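Q: This is the structure I want to talk about, given as structure tokens.
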Amino acid sequence: MTTVRTPPLFLTDVVIVGGCGRVGLPLGVALASRGLGVVLCDINAAAVQTVDDGRLPFAEPGAAQLLVVGTPIDEHLNPDFAAVPTAIERYAQHLRDGQLIVLRSTVYPGVTQLTERLVQRLGVAADVAFCPERIAEGRAMTELFELPQIVAARQARAAARAEKLFRHLTERIVQLAPEEAELAKLFTNSWRYIKFAAANQFWMMANSCGLDFERIRSAVRYDYPRAADLPGPGFAAGPCLLKDTMQLAAFANNNFALGHTAMLINEGLPLYLVAQLEARHRLADMTIGILGMAFKGGSDDPRESLAYKLRKILTLKAREVLCTDPYVRDERFLPLPEVLCRADLVVIAAPHPEYRDLTAEIPVIDMWGIAGRGVRL
Ligand SMILES: NC(=O)c1ccc[n+]([C@@H]2O[C@H](COP(=O)([O-])OP(=O)(O)OC[C@H]3O[C@@H](n4cnc5c(N)ncnc54)[C@H](O)[C@@H]3O)[C@@H](O)[C@H]2O)c1
20 MTTVRTPPLF
30 LTDVVIVGGC
40 GRVGLPLGVA
50 LASRGLGVVL
60 CDINAAAVQT
70 VDDGRLPFAE
80 PGAAQLLVVG
90 TPIDEHLNPD
100 FAAVPTAIER
110 YAQHLRDGQL
120 IVLRSTVYPG
130 VTQLTERLVQ
140 RLGVAADVAF
150 CPERIAEGRA
160 MTELFELPQI
170 VAARQARAAA
180 RAEKLFRHLT
190 ERIVQLAPEE
200 AELAKLFTNS
210 WRYIKFAAAN
220 QFWMMANSCG
230 LDFERIRSAV
240 RYDYPRAADL
250 PGPGFAAGPC
260 LLKDTMQLAA
270 FANNNFALGH
280 TAMLINEGLP
290 LYLVAQLEAR
300 HRLADMTIGI
310 LGMAFKGGSD
320 DPRESLAYKL
330 RKILTLKARE
340 VLCTDPYVRD
350 ERFLPLPEVL
360 CRADLVVIAA
370 PHPEYRDLTA
380 EIPVIDMWGI
390 AGRGVRL
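Structure (structure tokens):
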């Protein structure tokens, strides 16, 4: 176990397990900024060293200056219930009567109860609460203080203690039962994932008859609150949306047609793009550039980015595939000017601000509309 520079133990208010991750670190910084003594605990020694040197292991605007381990799904899209109980067992010797254990990770429904039972079995009289993280990467240091905090516990005392903790960040607290909160978090991400799929399917429909979906979308949303949250088209990717939609599908015994359809549409977008390009270009004679490899614009996070899937497919079809990204460090990536110089056509795969109003002699495929010329293919 590796820990980061720590206040004297008697001044420690919060220990964040997974504290050098994308959720744990901003949360730790936010709580510390409100005067709490925070210890970040992480098994990733490199990330611990980086934080201990006073640097961030990733970009999170405003953070530089809390149990949040990853809860992945496996290669068969099945949830892995073990991540949280495994972490609890790993630190069992450090658990004490009277402590409050807060699960912040996005857990599979039932894992809070599993944790309550595990703590009991370990013979520790500790309170357990589930308080899901709802920030979006890149906005953590503002959203942690602005978003209402969902606080859930079976015992009133545990709920009161968790509420007291998050009142350091915001006065807006929503109390739920653990099972309600577990579903609330999965519904939140699945709803977002489904909205993106709807936008992507509308975009495909508009493309099929040569129309610009962005023109249509801005007309639909203009002063019309009922469509205000219709997103634009683009890769719906990253570490959470697909994972949590599949967690919900597994919980519903795979009876989640909307979620599965959203996965087929969103995960199928790179294939759709390449098929459209193939219909218009002899890819085998072309060098294709992919601009942006992160899972979303302005981010340095490549996790579950569909840009890599696009690269994989294009590698089979095109003469050469070149990749670039201003934030994601990878020695295989090239500087933007070189890609624009060598490529016959480029695809904007992540809408980084650097690509706003991009000018190029070659065709620019821009499903995000960030280059300011609509999204029609
Ligand atoms: N990234 C997001 O935007 C976001 C937003 C909301 C919720 N979440 C949820 O928060 C959780 C964490 O996500 P993340 O993006 O921060 O993941 P992450 O991989 O960036 O961070 C997890 C951290 O936990 C550490 N870790 C794993 N097992 C450990 C252990 N046994 N002991 C100590 N440290 C351990 C890892 O080294 C890593 O640094 C997930 O459940 C995710 O679904 C993520």
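Take any residue in the sequence shown, note its place counting from 1, add 19, and you have its number in my numbering. Beta carbons: idealized from backbone N, C-alpha and C, even for Gly. Model, not experiment: these values are computed from the prediction.
1. Let me make sure I understand the geometry here. Which of VAL34, PRO354, LEU325, ILE307 has the alpha-carbon closest to that of ALA337?
2. Let me check understanding here. Comparing Cα to Cα, which of VAL143, PRO91, TYR127, ALA196 lies closest to GLU108?
3. Which residues does DSSP list as the beta-bridge partners of VAL57?
4. With a threshold of 7 Å (Cβ to nearest heavy atom), would ILE169 be considered close to ligand 1?
5. Alpha carbon to alpha carbon, what distance is there between GLY129 and VAL138?
6. Just to confirm, does CYS342 get its C-beta within under 7 Å of one of the non-hydrogen atoms of ligand 1?
7. Is GLY47 helix, strand or coil by DSSP?
8. Under 8 Å between the Cβ atoms of PRO91 and LEU133?
9. Taking only the alpha-carbon atoms, compute the straight-line gap between GLN84 and PRO345 and give it to the nearest angstrom.
10. Could you name the residues of the same chain whose beta carbon sits closer than 6 Å to that of LYS328, not counting the 5 residues immediately before and after it, in chain order?
11. Please determine whether the Cβ atom of ASP72 lies at a distance below 7 Å from any heavy atom of ligand 1.
12. Got a sec: does ligand 1 put a non-hydrogen atom nearer than 7 Å to the Cβ of ALA106?
13. Looking at the structure shown, is THR149 part of a helix, part of a strand, or coil, going by DSSP?
14. At 4 residues or longer, what runs of the alpha helix (DSSP H) sit wholly inside the segment 345-378?
15. Give me the Cα-Cα distance between PHE147 and ALA175, rounded to the nearest whole angstrom.
16. Would you say the beta carbon of ASN63 comes nearer than 7 Å to a heavy atom of ligand 1?
17. My guess is that ALA145 and LEU119 are in contact by the Cβ rule of under 8 Å, so how many angstroms apart are they, rounded?
18. For the beta strand (DSSP E) containing GLU339, name the first residue and the last one.
19. Our contact map puts ALA14 next to PRO45 with C-beta atoms below 8 Å; I'd like the distance itself, whole angstroms only.
20. Distance check for ALA65 and TYR241, CA to CA, integer angstroms please.
21. Can you find the residues in the same chain that come closer than 6 Å, C-beta to C-beta, to MET479, ignoring five residues on each side of it along the sequence?
22. Thinking C-alpha only, which one of GLU339, LYS315, VAL340 is nearest GLU373?
23. How many angstroms separate the CA atom of HIS187 from the CA atom of THR207?
24. Going by the DSSP bridge assignment, what does ALA171 pair with across the sheet?
25. Apart from the five residues on each side of it in sequence, which residues of its chain come closer than 6 Å, Cβ to Cβ, to VAL57?
26. Who are the near neighbours of GLY388 in its chain, counting only those whose CB is closer than 7 Å to its CB and skipping five residues on each side?
27. Identify, in the order they occur along the chain, each residue of the same chain with its Cβ nearer than 6 Å to the Cβ of VAL366, setting aside the five sequence neighbours on each side.
28. For the segment 81-147, list the alpha helix (DSSP H) runs that are entirely contained and at least 4 residues long, ordered along the chain.
29. Where PRO258 and LEU325 are concerned, what is the direct C-alpha to C-alpha distance, given to the nearest angstrom?
30. By DSSP, does ILE381 sit in helix, in strand, or in coil?
31. My output table needs one value for GLY308: the three-state DSSP class, helix, strand or coil.
32. Please determine whether the Cβ atom of GLU156 lies at a distance below 7 Å from any heavy atom of ligand 1.
33. How is the alpha helix (DSSP H) around MET386 delimited, first residue to last?
34. Indicate the three-state DSSP secondary structure (helix, strand or coil) for ARG176 in the structure shown.
A: In short:
1. Comparing Cα positions, the closest option is ILE307.
2. The residue with the shortest Cα to Cα distance from GLU108 is VAL143.
3. VAL33.
4. No, the beta carbon of ILE169 sits no closer than 7 Å to any heavy atom of ligand 1.
5. Answer to the nearest angstrom: the Cα atoms are 14 Å apart.
6. No, the beta carbon of CYS342 sits no closer than 7 Å to any heavy atom of ligand 1.
7. Under the three-state reduction of DSSP, GLY47 is assigned to helix.
8. Between PRO91 and LEU133, the C-beta spacing is not below 8 Å.
9. With a pLDDT of 46 at GLN84, under the threshold of 50, the predicted position of this residue should be treated as unreliable, though the coordinate-derived value follows. Across the structure, GLN84 and PRO345 are spaced so that their CA atoms are roughly 23 Å apart.
10. Taken in chain order, the residues that qualify are PRO289.
11. Outside the cutoff, so no.
12. Taking 7 Å as the cut-off, one finds at least one heavy atom of ligand 1 near enough to the beta carbon of ALA106.
13. Before going further, note that residue 149 is Phe rather than Thr in the sequence given. Three-state DSSP puts PHE149 in a strand.
14. The qualifying runs are 355-361.
15. Note on identity: in this sequence residue 147 is Val, with Phe being the wrong assignment. It is roughly 11 Å from the alpha-carbon of VAL147 to the alpha-carbon of ALA175.
16. For ASN63, the shortest separation between its Cβ and any heavy atom of ligand 1 lies below 7 Å.
17. About 7 Å separates the two Cβ atoms, so the contact holds.
18. Under the DSSP assignment, GLU339 falls in the beta strand (DSSP E) whose first and last residues are 339-343.
19. Lying outside 20 to 396, the shown extent of the chain, residue 14 is not represented and no answer is given.
20. So the alpha carbons of these two residues sit roughly 48 Å apart.
21. Look at the range of the chain in this structure, 20 to 396, and you will see that residue 479 is not part of it.
22. Minimum Cα distance to GLU373 is reached at LYS315.
23. Taking the straight line joining both Cα atoms gives about 24 Å.
24. In the DSSP assignment, the residues bridged to ALA171 are PHE149, LEU195.
25. In its chain, beyond the 5 residues on either side, VAL33, GLY47, LEU50, ALA51 have a beta carbon closer than 6 Å to the beta carbon of VAL57.
26. Leaving aside the five residues that flank GLY388 on each side, the residues in its chain whose CB is nearer than 7 Å to its CB run, in chain order, GLU233, GLY251, VAL394.
27. Excluding residues within five positions, the ones whose Cβ falls inside 6 Å are ILE309, ILE384.
28. Listed in chain order, the complete alpha helix (DSSP H) runs (minimum 4 residues) inside the segment 81-147 are 102-109, 130-140.
29. Those two C-alpha atoms are separated by around 11 Å.
30. Three-state DSSP puts ILE381 in coil, outside helix and strand.
31. Three-state result, GLY308: strand.
32. Because some heavy atom of ligand 1 lies under 7 Å away, the Cβ of GLU156 counts as near it: yes.
33. Counting along the chain, no alpha helix (DSSP H) covers MET386, and no H or E run does either.
34. Secondary structure of ARG176 (DSSP, three-state): helix.
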